[in-house]
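Numbering (the working numbering), first residue to last: 13 to 119. What follows is a single structure, written as structure tokens, with notes after it.
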């Protein structure tokens with residue numbers, strides 16, 4: 013009878029192990045990669061310079077003409093310029109655009 017009571021009681025720590033495991037899974041598969049992506053995007057936007065080809069989140073392609081603290085002036089088409097926020101520049105699309113143009117230049 014005593015052994016049944018001891019087994020049923022268990023320790024409090026072992027009952028929290030599944031919860032701790034779920035928190036660890038969420039951290040390593042969701043939170044950490046998102047933080048890494050935010051750091052990479054922030055670094056890219058700080059290092060952006062005149063002459064680079066970019067794509068905005070809205071899908072507008074253009075070449076950077078002027079860079080200020082929070083905004084970028086983009087030449088969209090022969091003298092048509094748009095002033096956009098740096099935050100609206102898509103990191104993935106801009107990198108893809110620049111790698112595609114580099115591949116075309118090499119050919």
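For glycine and all other residues, C-beta sits at the position ideal for the given N, C-alpha and C. No experiment lies behind these values; they were computed from the predicted model shown.
#1: If you drop the 5 nearest sequence neighbours on each side, which residues of the same chain put their C-beta closer than 7 Å to that of residue 53?
#2: So residue 83 and residue 96 are supposed to be a Cβ contact under 8 Å. How far apart are they, rounded?
#3: Which of the three DSSP states, helix, strand or coil, is assigned to residue 82?
#4: If I follow the unbroken beta strand (DSSP E) through residue 97, where does it start and stop?
#5: For residue 74, is the classification buried or exposed, using 16 other Cβ atoms within 10 angstroms of its Cβ as the cut-off for buried?
Answer, in terms of the structure:
#1: 103
#2: 7 Å
#3: coil
#4: 92-97
#5: buried
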